[in-house]
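K.L.:
Quick note on numbering: numbering that gives the first Met the number 0 labels position 467 of the sequence shown as 466, and the sequence is numbered without any gaps. Glycine is no exception: its CB is placed at the ideal position from the N, C-alpha and C atoms. Since we're looking at a predicted model, the values are computed, not measured.
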Amino acid sequence: MWKLYFKHSKGYRAQALLTPVFVAIEALIEAILPLFMADVIDRASGLEPSSIISGFMNNVVNYFEWLFPQTPNVYVYCYGVIMLILALLALMGGVVSGILATNASSGFAKSVRKDLYYHIQDYSFENIDRFSTSSLITRLTTDITNCQQSFQMTTRISFRAPLIFIFSLIMAFLANSRLAWVFVIASPILVILLIIIITKANPYFKKMFKKYDHLNLIVQENITGIRTVKSYVNEDLENKKFEHASSEVASNSKMAEKIIALNSPVMMFIIYASVTIVAFVGSLMIARDGYGEGSTLYLFITYAIQILSALMMVSMVFMMLVMAKASTDRIIEALNEVPTIQNCSSPLYEIKDGSVEFKDVSFSYLHDDDKLALKNISFKVESGMVVGIFGSTGSGKTTLMNLIPRLYDVNQGEVLVGGVNVKDYDIKSLRDQVSMVLQKNVLFSGTIKDNLRWGNKDATDEELIAACKLAQADEFISRFNDGYDTYIEQGGTNVSGGQKQRICIARALLKKPKILILDDSTSAVDTKTDALIRKAFKEEIPSTTKFIITQRISSVEDADIILFMVDGKIANIGTHEQLLKENEVYKKIYLAQTKGGK
Ligand SMILES: Nc1ncnc2c1ncn2[C@@H]1O[C@H](COP(=O)(O)OP(=O)(O)O)[C@@H](O)[C@H]1O
Ligand SMILES: [Mg+2]
Numbered sequence: 000m001w002k003l004y005f006k007h008s009k010g011y012r013a014q015a016l017l018t019p020v021f022v023a024i025e026a027l028i029e030a031i032l033p034l035f036m037a038d039v040i041d042r043a044s045g046l047e048p049s050s051i052i053s054g055f056m057n058n059v060v061n062y063f064e065w066l067f068p069q070t071p072n073v074y075v076y077c078y079g080v081i082m083l084i085l086a087l088l089a090l091m092g093g094v095v096s097g098i099l100a101t102n103a104s105s106g107f108a109k110s111v112r113k114d115l116y117y118h119i120q121d122y123s124f125e126n127i128d129r130f131s132t133s134s135l136i137t138r139l140t141t142d143i144t145n146c147q148q149s150f151q152m153t154t155r156i157s158f159r160a161p162l163i164f165i166f167s168l169i170m171a172f173l174a175n176s177r178l179a180w181v182f183v184i185a186s187p188i189l190v191i192l193l194i195i196i197i198t199k200a201n202p203y204f205k206k207m208f209k210k211y212d213h214l215n216l217i218v219q220e221n222i223t224g225i226r227t228v229k230s231y232v233n234e235d236l237e238n239k240k241f242e243h244a245s246s247e248v249a250s251n252s253k254m255a256e257k258i259i260a261l262n263s264p265v266m267m268f269i270i271y272a273s274v275t276i277v278a279f280v281g282s283l284m285i286a287r288d289g290y291g292e293g294s295t296l297y298l299f300i301t302y303a304i305q306i307l308s309a310l311m312m313v314s315m316v317f318m319m320l321v322m323a324k325a326s327t328d329r330i331i332e333a334l335n336e337v338p339t340i341q342n343c344s345s346p347l348y349e350i351k352d353g354s355v356e357f358k359d360v361s362f363s364y365l366h367d368d369d370k371l372a373l374k375n376i377s378f379k380v381e382s383g384m385v386v387g388i389f390g391s392t393g394s395g396k397t398t399l400m401n402l403i404p405r406l407y408d409v410n411q412g413e414v415l416v417g418g419v420n421v422k423d424y425d426i427k428s429l430r431d432q433v434s435m436v437l438q439k440n441v442l443f444s445g446t447i448k449d450n451l452r453w454g455n456k457d458a459t460d461e462e463l464i465a466a467c468k469l470a471q472a473d474e475f476i477s478r479f480n481d482g483y484d485t486y487i488e489q490g491g492t493n494v495s496g497g498q499k500q501r502i503c504i505a506r507a508l509l510k511k512p513k514i515l516i517l518d519d520s521t522s523a524v525d526t527k528t529d530a531l532i533r534k535a536f537k538e539e540i541p542s543t544t545k546f547i548i549t550q551r552i553s554s555v556e557d558a559d560i561i562l563f564m565v566d567g568k569i570a571n572i573g574t575h576e577q578l579l580k581e582n583e584v585y586k587k588i589y590l591a592q593t594k595g596g597k
């Protein structure tokens, strides 16, 4: 935990270290200020002031009396001015330390956030599956903010409280060692009470954070899926889910807060009890043997309050740390997650051609041999072929294609691209050459051009238009008022499903890949346009290997080879005509689909 704070306070360490210096100035002044007041009280009651500053102040007062000889009670002004200056210095110490602590803590938060964000960019799909998107977002936002706040508070208070405690205790002993013993007795009682309160509250805080995660998950699911929720008129159910999660958070934080709330009355009680005891014992002492008369009692009560409020601050720091600990652990967990897909030690950067071969490949998302998503897949396709992948939902089509750009690694067997195992390629080079239009594709907010260039940032306008022509996107883009500069809203909500799909295909084409995978990417495009896209592919990019995943046989009818997937296995492999002859199920589906009318 401390390692994280140490590492990310780099660059802000000077500020973090200077904070205690200014805190010390503030605390020291706060500790000696009461001495001035005590002197004034002594002088007013006609006694000789006897604190450690009295000698110095005598000189000052004498000087002032020499400057303004006729003024009565000059000492009141002297003390007043000096106390004012000291109070301003203490204020400055407080403000400067506050600014330093804020700078250091926000710098720390920025650094952790950047690290975590970059680290998440290296996550494989498997890593993301393990954490879930919502949990990663919570960790990047709420958790880091928690740590930042506690960092800021604790750098100040954790120095301030002990310093005030020590200074005040010393001052109290200097003033009167017999009375000071009251503090020595009261402090441990306070500490014990604090520990009891904190240990009781801690589990509730931990639980609260877990529930908070759940709440975020629900909020995130609902807001990102708000269109689906609305179209299914499921708002009521979603609201109930939210209320449940929200009240779980509330009840846990209530329990924790209740215990914490006990903290402050208990503390107050002890503070005032101690003050009362000091006042009582002190007045008895003074009455009995005139011991420590004058300002002593005033000093004691002041230091009593300072000492005990310092202890109270310590308890606050502990609370902050308990809260921050839960968040810090969650950040560290995400930071320590090892990306499951990494480059091998001496990767290849060149991919010879677009040939693909699967050799007895099996794959499970859960690394469980009993729950295989793909079983013993073997096939080989030459560069430039059009490969149809046909099968029902859940038959493993997407999973099969995910293995080619190495979005997941196989559990058994080998995937070869251009005759070389995909694990031997540099991941970026591989993914540049294997362009995959995902089933759940996304457009980012920005113009159409921005979105297209996302595929290849150096593409010229001519290349953009050529790719869009191939994907049959040019005809509708040029009909938009702003053409290629049309602004796409977040998630691409202002273009139709079919238009979005075609922009995504164009984006994938801009990489000029050796292998192009379209995962159900024309599902929302009408059959005529779909056929035009395939025709353009055949004519314009003949050397690119094209994988076309579909549930519509018409989309793969003219493919060079079709893999018919059933339940994670290849049920049959061959051309459309071969499959019609060899596979009864395939034939039935084909007849049903064509009879349904195109
Ligand atoms: N990220 C994932 N984690 C766990 N299981 C998954 C994941 N993605 C898909 N699956 C499972 O793998 C199987 C094949 O899914 P998929 O390849 O997406 O099928 P298809 O693309 O043919 O519809 C399904 O049983 C699905 O539930
Ligand atoms: Mg799929």
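Alpha carbon to alpha carbon, how far is Met604 from Phe5?
P.N.:
Past the edges of the chain, shown from 0 to 597, lies residue 604, and the structure says nothing about it.
K.L.:
With a 10 Å radius around its C-beta and 16 neighbouring C-beta atoms as the bar for buried, classify Lys597 as buried or exposed.
P.N.:
For the purposes of this step, residue 597 is taken as the residue at position 598 of the sequence shown. The predicted model places Lys597 with a pLDDT of 46, which falls under 50 and marks its position as unreliable, so this point remains unresolved.
K.L.:
Around the C-beta of Pro187, are 16 or more other C-beta atoms found within 10 angstroms, so that it is buried, or is it exposed?
P.N.:
Here residue 187 corresponds to residue number 188 of the sequence shown, with the count starting at 1. Exposed, since its Cβ has fewer than 16 Cβ neighbours within 10 Å.
K.L.:
For Ala309, count the other beta carbons within 10 Å of its own beta carbon; 16 or more makes it buried, fewer makes it exposed. Which is it?
P.N.:
For the purposes of this step, residue 309 is identified with residue 310 of the sequence shown, where counting begins at 1. It counts as buried.
K.L.:
Indicate whether Val408 and Lys422 have their beta-carbon atoms separated by less than 9 Å.
P.N.:
Working through the sequence shown from its first residue, we reach residue 408 at position 409. Working through the sequence shown from its first residue, we reach residue 422 at position 423. Correcting the residue type first, residue 408 is Asp in the shown sequence and not Val. Yes. Within cutoff.
K.L.:
Measure the alpha-carbon distance for Lys199 versus Gln411 and round it to whole angstroms.
P.N.:
On the sequence shown, position 200 is the one that residue 199 refers to. On the sequence shown, position 412 is the one that residue 411 refers to. One C-alpha to the other measures close to 50 Å.
K.L.:
Take Ala244 as the anchor and find which of Val274, Phe208 and Asp142 has the nearest alpha-carbon.
P.N.:
Position 245 of the sequence shown, counting from 1, holds the residue named residue 244. The residue with the shortest Cα to Cα distance from Ala244 is Phe208.
K.L.:
Given Arg329, which residues of its chain have a CB within under 6 Å of its CB, disregarding the five upstream and five downstream residues?
P.N.:
For this step, residue 329 is matched to residue 330 along the sequence shown. So the qualifying residues of the chain are Arg138 and Asp142.
K.L.:
Pop quiz: Val414 and Ala507 are said to be a contact at Cβ under 8 Å. What is the actual Cβ separation, rounded to whole angstroms?
P.N.:
As a position in the sequence shown, residue 414 is number 415, starting the count at 1. As a position in the sequence shown, residue 507 is number 508, starting the count at 1. Not quite, the Cβ-Cβ distance comes to about 20 Å (not below 8 Å), so this is no contact.
K.L.:
Three or more C-beta pairs under 8 Å: does that hold for the segment 516 to 527 against the segment 361 to 379?
P.N.:
Cβ pair count under 8 Å is below three, so no.
K.L.:
How far does the beta strand (DSSP E) with Asp408 in it extend, from its first residue to its last?
P.N.:
Counted from its first residue, the sequence shown places residue 408 at position 409. Run containing Asp408: none; DSSP gives neither H nor E here.
K.L.:
Which residue spans inside the segment 385 to 455 form an unbroken beta strand (DSSP E) run of at least 3?
P.N.:
You should have 385 to 390, 411 to 416 and 433 to 436.
K.L.:
Is any heavy atom of ligand 4 found at a distance shorter than 8 Å from the C-beta of Thr549?
P.N.:
Of the ligands one can find in the structure shown, namely ligand 1 and ligand 2, none is ligand 4.
K.L.:
How would you call Tyr348, buried or exposed, if buried means at least 16 neighbouring beta carbons within 10 angstroms?
P.N.:
Position 349 of the sequence shown holds residue 348. Exposed, since its Cβ has fewer than 16 Cβ neighbours within 10 Å.
K.L.:
I need the DSSP call for Phe378, collapsed to helix, strand or coil.
P.N.:
Reading the sequence shown from its first residue, position 379 is the one you call residue 378. DSSP places Phe378 in strand when its eight states are reduced to three.
K.L.:
Among Ile350, Asp449 and Tyr11, which one has its Cα closest to the Cα of Asn102?
P.N.:
The residue labelled residue 102 in the question sits at position 103 within the sequence shown. Measuring from the Cα of Asn102, the nearest candidate turns out to be Tyr11.
K.L.:
Helix, strand or coil for Thr18? Go by DSSP, reduced to three states.
P.N.:
Working through the sequence shown from its first residue, we reach residue 18 at position 19. Note: Thr18 maps to helix in three-state DSSP.
K.L.:
DSSP state of Asn493, grouped into three classes?
P.N.:
Taking the first residue of the sequence shown as 1, we reach residue 493 at position 494. It is coil, neither helix nor strand.
K.L.:
Relative to the C-alpha of Gln14, which residue among Glu25, Ile98 and Ala23 is closest?
P.N.:
Position 15 of the sequence shown, counting from 1, holds the residue named residue 14. Of the candidates Glu25, Ile98 and Ala23, the one whose C-alpha sits nearest the C-alpha of Gln14 is Ile98.
K.L.:
Looking at the unbroken beta strand (DSSP E) that takes in Asn72, where does it start and where does it end?
P.N.:
Residue 72 sits at position 73 when you count from the first residue of the sequence shown. Note, Asn72: premise wrong, no beta strand (DSSP E); not H, not E.
K.L.:
May I ask whether a heavy atom of ligand 2 can be found less than 8 Å away from the beta carbon of Gln500?
P.N.:
Against the sequence shown, residue 500 aligns to sequence position 501. Gln500 Cβ: outside cutoff for every heavy atom of ligand 2.
K.L.:
Just the residues with CB closer than 6 Å to a heavy atom of ligand 1, in chain order, which are they?
P.N.:
Listed along the chain, these residues meet the criterion: Asp128, Tyr364, Ala372, Gly390, Thr392, Gly393, Ser394, Gly395, Lys396, Thr397 and Thr398.
K.L.:
Apply the 10 Å Cβ neighbour rule to Gly79 and answer buried if 16 or more other Cβ atoms are within range, or exposed otherwise.
P.N.:
In the sequence shown, residue 79 corresponds to position 80, counting from 1. Exposed, by the Cβ-count rule.
K.L.:
Under 8 Å: does the beta carbon of Asp519 sit that close to some heavy atom of ligand 2?
P.N.:
Residue numbering aside, residue 519 sits at position 520 when the sequence shown is read from its first letter. Checking the Cβ of Asp519 against ligand 2 gives yes.
K.L.:
Under the DSSP definition of a beta bridge, which residues are partnered with Gly573?
P.N.:
By 1-based counting over the sequence shown, the position of residue 573 is 574. DSSP lists Ile561 as partners of Gly573.
K.L.:
Return yes when at least one heavy atom of ligand 2 lies under 8 Å from the C-beta of Gln219, else no.
P.N.:
As a first step, residue 219 is located in the sequence shown; it is residue number 220 there, counting from the start. No.
K.L.:
How would you call Glu538, buried or exposed, if buried means at least 16 neighbouring beta carbons within 10 angstroms?
P.N.:
Numbered from its first residue, the sequence shown carries residue 538 at position 539. Glu538 is exposed by the Cβ-count criterion.
K.L.:
Indicate whether the contact test is met: 3 or more Cβ pairs, each with one atom in the segment 231 to 248 and one in the segment 278 to 287, closer than 8 Å.
P.N.:
The segment 231 to 248 is not in contact with the segment 278 to 287.
K.L.:
What number of angstroms, rounded off, separates the C-alpha of Ile136 from the C-alpha of Asn201?
P.N.:
Residue mapping note: residue 136 aligns to position 137 of the sequence shown, counting from 1. Residue mapping note: residue 201 aligns to position 202 of the sequence shown, counting from 1. Those two C-alpha atoms are separated by around 24 Å.
K.L.:
In the DSSP assignment, find the unbroken alpha helix (DSSP H) run with Ser167 in it and report its ends.
P.N.:
For this step, residue 167 is matched to residue 168 along the sequence shown. From DSSP, the alpha helix (DSSP H) with Ser167 extends over Ile143 to Ala174.
K.L.:
What separation, rounded to the nearest whole angstrom, lies between the Cα atoms of Leu192 and Ala185?
P.N.:
Counting from 1 along the sequence shown, the entry for residue 192 is found at position 193. Counting from 1 along the sequence shown, the entry for residue 185 is found at position 186. Whole-angstrom Cα-Cα distance: 11 Å.
K.L.:
How about Gln438: is its Cβ closer than 8 Å to a heavy atom in ligand 2?
P.N.:
Here residue 438 is taken as the residue at index 439 of the sequence shown, counted from 1. Indeed, a heavy atom of ligand 2 lies less than 8 Å from the Cβ.
K.L.:
Nearest by alpha-carbon distance to Gly92: which of Ser176, Tyr117 and Phe21 is it?
P.N.:
For the purposes of this step, residue 92 is taken as residue 93 along the sequence shown, with counting starting at 1. Comparing Cα-Cα distances from Gly92 to each of Ser176, Tyr117 and Phe21, the minimum goes to Phe21.
K.L.:
Below 8 Å on the Cβ atoms is my contact criterion, and I expect Ile514 with Ile403 to pass it. Report the Cβ-Cβ distance as a whole number of Å.
P.N.:
In the sequence shown, residue 514 corresponds to position 515, counting from 1. In the sequence shown, residue 403 corresponds to position 404, counting from 1. Confirmed, about 7 Å.
K.L.:
Would you decide whether Pro19 is buried or exposed? Buried here means 16 or more other CB atoms lie within 10 Å of its CB.
P.N.:
If you number the sequence shown from 1, residue 19 lands on position 20. The residue is buried, with at least 16 neighbouring Cβ atoms inside 10 Å.
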